[in-house]
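Data first, discussion second: the structure below is written as structure tokens.
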Amino acid sequence: MQLSTTKRQRERHLPPKNNSSTTTTTSNSSAHACSYSNCGNNNTNHHSSRLPLLVLLVLLLADSSHGYNIDLPSYVTHVREPNTMFGFSIALHKGASGYAQSNSLIVGAPKFDTSSYQQGVVEAGAVFKCGMSDGDCNLVKFDSSGNHRNTYGDVIERKSYQWLGATVSTSRDNDLIVACAPRYVFHTMTPNKSLRYDPVGTCFTSRNLTHFNEVSPCRTNNWGYHRQGSCQAGFSAAASTHGDRLYIGAPGSWYWQGQAYSISPDATFPYKPPYYQPFGTGGQTYSYDVTRPENQVYSTAESSSQDDDSYLGYSMITGDFDGDRVEDIAIGMPRGAGLLGKIVVNHWNMSNIFNFTGHQIGEYFGYALATCDVDGNGLDDLIIGAPMYSEPGNVEGKYDVGRVYILLQKASGERWPVEHIRDGYNTKGRFGLALTTLGDINRDGYGDFAVGAPYDGPEGRGIVYIFHGSPNGPLLKPSQIIKAEDIVEGAPYPHTFGFALSGGLDMDGNTYPDLAVGAYASDQVFIFKSRPVAAVNAMTSFVNQTKLISLDDRKCQTVRDGKRVPCTEIMTCWSYTGEYLPRNLDFDVSWVLDAKKPKKPRMFFLLDEGKNIRNASISLQYGRTYCRNETVYLVDNVQDKLTPLEVEMRYDLRSRRPLAPVIRRKRDVLEPVIDQNREIILRDAINIQKNCGLDNICVPDLQLDIATVDKYLHGSHKPLIVEVTVTNRNEDAFESAFYMVMPKDLDFIKIENLVEKGDTPITCSAPSQTNNYTLKCDLGNPLQGQKFAKFNVIMLPSQTFGMSPSYHFYMEANSTNAEIDGNQRDNVVIKNVDIWVETDLDIEGASLPDFQLYKASDYLAIENATKEEDLGPQVVHLYNIRNNGPSFIEEAVILIHYPNETVGGDLLMYMLNQPETHGNIVCDPHLGVNPLRLKLDNNLKQKSYLRDRGVIFSTETSSSSASSSASGSGSTIYSGVEKAEGGSAAGTAVTIGRGTKELTEEERRRLEKEDEQEGAGDASATHIQRANEAAVSSSQSSYGGGAGTGGGSSYQWSTSSSSSSSGGSGAGGQGPTVIVRTKNTTTSYDSSGRPYVVESSTEYSTNLERAGQYYAQPLNQQQQHQQQ
């Protein structure tokens, strides 16, 4: 295993737009290790900065980004020249002495300009060694020579822009360092003179940073991307724990199938092997036996064409993955397995052990790798990054959220049975692009790790997530979140924060491993120190073996008024252990009594009467246990006797830092922090002793019975009474209550208790809209066993009309202590009381005049009449309608029939006007009003007979009146339907009289047409006609437009006003012409990898019927059509 992260560049893989200030295309992998120990637990709580106990509730709810033991204010920062990509790759390096003071951070800057010390070379990239003081970085010249030439003087390589430092890696327990330049170019000159440019890549190793060996496994005669000419060796690299093996990834070999090499780091190889000989042959030298297998070069072989573009060697990490105590190598293949991604796990000699396959196409499974003993069983677990993962079907449109897979290794049975998944949080964040072990950063015995999401955060600047291990694997949520905006020096905040990660090595000498974070887009690197962790063992408990308190045992006396009260004691103890901790630590402590009922607590401190919260400060010595007792008491008249009385104790370290805003403190001694994966909120509970047997558990059996009428006479003015009886047939029922959900059109009047006072007191809260019209009655606390409550609920109607046909009641009796399952059926009663309506409707009529003498010779025949006076005398009929009750009428219908013709068929009565009405009466229009359009008498036309009779006053208005004239062949009066909408109060009169409303021509035409229909009289013919018209309209509108996507283009259809004479599939070009517009987007890259977008569009006309037939074809036929 090794402590390193490896970054690399690939022009096909761009970072999200608008989230980074750089246009360089990058990608990443990391390889790390962790240390092992054997203590801890897996409880999680996220808390932060230590505040005084005056604000205790805020103290334990602060932001977790400052809450655990990676300290932010004390970080070390290193910055280099802009645009050097300083921080693209980083690796913590263990010094040869083994002491923290000799440890350092190796940082790659792949675009650093080296022209000052490499003749004829620019921007070859560089590697720096950085310490624990700001800016303490020294250039390490892994490659200081210019371009090599052959014996003919030809330049045979190009080191400019080779990106030295794109990959750096170190050994965990050794001083071996490797730095690679994956864009190094070699010019193959043989077997002919044609010049070739092959990006074979190269690496350099060193143990003392003064002597360097170059290792370029693809610098052979196997030129061309079809062999090893584009292998880009050094795209990833890893070193074994003890520094005895070097692994190099070359993802561009053999049509980008990829390749991995296993090499002895102490071997010296020739510049290039003989013609068409593999790397490792032709003169390498060792200081020991070259015939031994471990001193040979091993590599993976070419595969079949189905593995083209798979990128084997994109990332790699070492670890013991088969339990044989010999380190193996896990190699990332993010485009393998049909783009699902694959992890190839090989022995050190490149023989395969097993493989893992990804879950989602395109998620880049294996982009980054790390190892750590997450579950603390002494075996290396594998952590795999898939930063391009997108949640399928998410409604928010998020993509490139990222995912991390944690595979746990077991010692027996199936070796890799468990897979944990942790997903990113924000779109384009690319959670999992960088990974690193943290070792056991909190000293709980389980390995921890960090995940980089360099484009996450409120402004896309990057976030680092810290995950702690546990016996069951990684904790569900991150224990700490570090955002780029948390850098306390303020704006401008770094970009691509978390692109490179390295951890697991103590840099400041406090024995806790630290964390390094790279932000190459800002040319910055940060080293965050870890704070010592105090593992606190705490407990709080009621000093009562039975865990019961009797309300009758009043053994304590209050100081204020000398009242005897029931009481008990609470004991609390603390101790702490851990590494690199002071001998004494101060803690802030708080107790909350009856924590489940903070608004109405039942328990208080005896020395602090009336208070249920107490704060205190304590000082503890390392390894020693301190305990204290507190006496607590209960108040009188405890209402809730069922809910346990709970004590809640919280503790936290007291901070010596001021409460001023967080600022950077470079030289501060790091204060300890408590282990927040342990419970820092402890609870215990005690119950109130009840008269419920030895188990102190009361099981009641309530039964609800009601008695009331089955129907209620509406308008009777008598109350509606419901008699309620609740009986408890078993043990005491605490906080027993009766609930009645009442109809909205009933008013609650009062409760009438039917038992003796003092036996079962009943108190009720009235129903209202806020409680869903629910009447609640408390029946006793408790309602004792074998007792009952009996009372009347008295109500009156609140509405006179618009009611439902019945009153619906839902009634239930219950208590806070549950009954036996199955006994609740008699607790609920549902009752419907029908509303009985009883009315006495009277209709009275009068004629004006009450008799009429008709002489036919005084009038004209009907066919000769031109005005009202030609037909006969006028007759007016008046009608009164009265409801004598007792109930109200919501709606009544009156039909008035009048003589229209004689038996011989002669016209008898002729209707002159529509009826005149008063009040809430509406009459349907009558078609037989003045059909001959005779000229009416204006005086009679404007006269109101209702006003003359005193039915309405001069300030009121009436609708049109109706009158009729008698003719020689018979006369007629209005015939129609009178309809009273709204309630007609009992004992009031409704009058129908003459009116003057006339139909418009359109209204008359419509009514006459409906009367002439031969179909059914329910307007079904009209409905069918409208349905047919709607279907035709829908069919026509379906040709109005559409949209489709495919082939990277967008389609828009629009109808044209012109018609096509020759196009289309029908004869004569039937169907409307459409314009089809297509928009094409093409993304290309220039020589520097910068993307640019070219958009083009086309437009053509086609017949809609032909287009419709085309888009109805099967998919394969459409594709064939497009290809043609």
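Okay, so the sequence shown: first residue is 86 according to the numbering used here, each after it adds one. Here a beta-carbon is modelled for each residue, glycine too, at the ideal position from N, C-alpha and C. Quick caveat, the model's predicted, so the values are computed rather than measured.
Requested in this report: Alpha carbon to alpha carbon, how far is S740 from S395? Give it in angstroms, no decimals.
Outcome: 53 Å
Query raised in the report: Whose C-alpha, out of E412, A898, F584, is nearest the C-alpha of T859?
Result: A898
**Report entry** Option in L454, N479, S321, S301 with minimal Cα separation from V382
**Finding:** S301
Report task. If I'm right that D925 touches P882 with Cβ under 8 Å, what's the distance once you round it to whole angstroms? Result -> That pair is no contact at about 20 Å.
Query raised in the report: Cβ atoms of V253 and V206: under 8 Å apart, would you say?
Result: no
Query raised in the report: Does the beta-carbon distance from G216 to L261 come in below 8 Å?
Result: no
Query raised in the report: What does a CB cutoff of less than 6 Å around T596 pick up in its chain, not counting 5 residues either side in sequence?
Result: E664, Y665
Query raised in the report: With a CB to CB cut of under 8 Å and the five nearest residues on each side skipped, what residues in its chain are close to G547?
Result: G537, A538, P539, Y540, D541, K568, A569, P579, H580, T581, F582, G583, F584, A604
Requested in this report: Would you list, in sequence order, the uninterrupted beta strand (DSSP E) runs of no fewer than 3 residues that lie entirely inside the segment 917-991?
Outcome: 926-933, 959-968, 974-981
Query raised in the report: Between the beta-carbon of L875 and the beta-carbon of L839, is there less than 8 Å?
Result: It is worth fixing the name first, because residue 875 is Lys in this sequence and not Leu. Result yes, Cβ atoms of K875 and L839 sit closer than 8 Å.
Query raised in the report: Are there 16 or more other CB atoms within 10 angstroms of the CB of P934, so buried, or fewer, so exposed?
Result: exposed
Query raised in the report: So, helix, strand or coil for N697, using DSSP?
Result: coil
Query - Spatial distance of R507 from A535 (CA atoms) - result: 12 Å
Requested in this report: Can you grab the Cα-Cα spacing for the pair N479 / M473, in whole Å?
Outcome: 15 Å
**Report entry** Assigned secondary structure, R377 (DSSP; H/G/I helix, E/B strand, else coil)
**Finding:** coil
**Report entry** Of the residues G337, Q642, T662, the one placed nearest E694, counting alpha carbons only
**Finding:** Q642
Report task. Whole angstroms is fine: what's the gap from H505's alpha carbon to G558's? Result -> 7 Å
Report task. Using 10 angstroms around the beta-carbon of G529, count the other beta-carbons present and answer buried if the total reaches 16, otherwise exposed. Result -> Residue 529 is actually Asp in this sequence, not Gly. That one is buried.
Query raised in the report: Quick check: the segment 643-661 against the segment 616-631, are there 3 or more CB pairs under 8 Å?
Result: yes
Query raised in the report: When we look at the beta-carbon of D991 and count the other beta-carbons within 10 Å, is it buried (16 or more) or exposed?
Result: exposed
Requested in this report: Could you have a look at R1032 and say whether DSSP puts it in helix, strand or coil?
Outcome: helix
**Report entry** Identity of the residue in Y711, V503, A903, H893 nearest K916 by Cα
**Finding:** H893
Query raised in the report: The beta strand (DSSP E) spanning G603 covers which residue range?
Result: 599-604
**Report entry** CB-CB length for V430 against F450, believed under 8 Å
**Finding:** That belief does not hold up - the Cβ atoms of V430 and F450 are roughly 14 Å apart, past 8 Å.
Query raised in the report: Hey, quick one: how far does the alpha helix (DSSP H) through A422 stretch, first residue to last?
Result: 421-424
Query raised in the report: Cα-Cα, which of L1012, S390, T987, R967 is closest to G1004?
Result: R967
Query - Cut-off 7 Å between Cβ atoms - residues of its own chain near D198, not counting five sequence neighbours on either side - result: V207, E208
**Report entry** Secondary structure of S587, DSSP reduced to three states
**Finding:** strand
Report task. Check A818 in the structure and name its three-state DSSP category. Result -> strand
Query raised in the report: Thinking just about the alpha-carbon of each residue, which of P757, I771, Q204, G708 is nearest to the one in T631?
Result: I771
Query - Separation of S347 from Y363, as counted between CA atoms - result: Residue 363 is actually Pro in this sequence, not Tyr. Straight-line Cα distance between these residues: approximately 13 Å.
Requested in this report: Sort P828, T848, V826, E841 by Cα distance to K835 and report the nearest one.
Outcome: T848
Requested in this report: Only counting runs of 3 or more residues, tell me where the beta strand (DSSP E) segments fall wholly within the segment 397-476, in order along the chain.
Outcome: 400-404, 413-418, 427-431, 437-442, 453-457, 466-471
Requested in this report: Round the Cβ separation of Y153 and I551 to the nearest angstrom and send it over; I've been treating them as touching at under 8 Å.
Outcome: 7 Å
Requested in this report: With a threshold of 16 other CB atoms inside 10 Å of the CB of D393, please say whether the residue is buried or exposed.
Outcome: exposed
**Report entry** Residue from L1017, R639, A931, E731 whose Cα sits closest to the Cα of G1030
**Finding:** The residue asked about is misnamed: residue 1030 is Tyr in this sequence, not Gly. It is A931 whose Cα lies nearest to the Cα of Y1030.
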